[in-house]
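Numbering (the working numbering) for the sequence shown: 1170 to 1346. Ideal Cβ positions, reconstructed from N, Cα and C, are used throughout, including at glycine. Quick notes on the structure that follows.
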Amino acid sequence: MSDIASYSSREHLRDGSPVEVRALRPEDEANMLAALDQTSAQSLQRRFFAMKRHFSDKERAFFMEVDFRNHVALVVQAAQAGRDIIVGGGRYVVFAPGRAEMAFVVIDAWQGRGVGSILMDHLGRIAGDAGLNELTAEVLPENRAMLAVFGKFGFRPAARSDPQAVHLALRLGQANR
């Protein structure tokens, strides 16, 4: 496991709210599930491409057991009602040498405040530092907010394997940061 496993950075959202961007930890599982409970069915469908409320043990293990080399996951944590909660998360998973696929989810109450952009910025820098050459993402066409985030960072449409999704790709080193 790399030192990315202890990654942490303080940021401010567009509205000035302070947040911490940090590496996902094994003890975050309950808070991750709580965040998903605060996420609408539509948002979950946009993330998982299916109506998803429950996860198998195998799926939970995949999402929580990251090696911070081929599977990097960050969360955004914020204070709410006197306690810290996870308001969003993002990850990339290496699927071929030098190439990784990205995915994000932000709970509904925190959407539109810059959480996705912050995650993209941090994950993009980590991926570049790790020597990755290309990041990809599959986004449903109706998920305009996520398409805008990826577009802001220089992702462009690429060949599609799934006609129901927009396939995006970014050659690292060409990002519009």
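Report all residues from its chain with a CB closer than 7 Å to the CB of residue i; omit the five preceding and five following residues, and keep chain order.
i: L1341; result: A1296, G1297, L1301, N1302, E1303 and L1304
i: I1318; result: First, the amino acid is wrong: residue 1318 is Val here, not Ile. Answer for V1318: G1285, S1286 and M1289, listed in chain order.
i: H1291; result: S1178, V1190 and L1243
In chain order, what residues of the same chain have a beta carbon less than 8 Å from the beta carbon of residue i, not counting five sequence neighbours either side?
i: V1335; result: E1307, V1308, L1309, P1310, L1316, P1326 and R1329
i: F1217; result: Low confidence applies to F1217: its pLDDT is 47, below 50, so where it sits in the model is not reliable, and the reading given next is rough at best. Same-chain partners within the cutoff: there are none.
i: N1345; result: With a pLDDT of 42 at N1345, under the threshold of 50, the modelled position of this residue cannot be trusted; read the value that follows with caution. Answer for N1345: K1321, F1322 and G1323, listed in chain order.
i: M1233; result: L1193, P1195, D1197, E1198 and M1201
So the beta strand (DSSP E) residue i belongs to, where does it begin and stop?
i: D1253; result: R1252 to A1265
i: L1243; result: H1240 to Q1249
i: E1189; result: P1187 to A1192
For residue i, tell me which candidate among the options has the shortest Cα-Cα distance.
i: D1349; options: N1200, L1288, H1291 and A1230; result: The requested residue 1349 does not occur in the structure, where the chain is confined to residues 1170 to 1346.
i: R1229; options: H1240, R1183, E1198 and Q1246; result: E1198
i: R1183; options: F1322, R1313, G1259 and R1282; result: R1282
i: H1181; options: A1174, A1242 and A1247; result: A1247
i: Y1176; options: I1255, W1279, G1267 and F1237; result: F1237
i: M1271; options: G1251, R1260 and W1279; result: R1260
What residue range is occupied by the uninterrupted alpha helix (DSSP H) comprising residue i?
i: E1270; result: Note, E1270: premise wrong, no alpha helix (DSSP H); beta strand (DSSP E) at R1268 to V1275.
i: E1228; result: D1226 to M1233
Measure the Cβ-Cβ separation of residue i and residue j and say whether it is below 9 Å.
i: F1273; j: G1293; result: no
i: V1244; j: A1192; result: yes
i: V1241; j: Q1249; result: no
Just to confirm my understanding: we take residue i, look at its own chain, exclude 5 residues before and 5 after, and list those with CB closer than 6 Å. What are they?
i: P1332; result: none
- [ ] Only counting runs of 4 or more residues, tell me where the alpha helix (DSSP H) segments fall wholly within the region 1277-1339, in order along the chain.
- [x] 1284-1298 and 1313-1321
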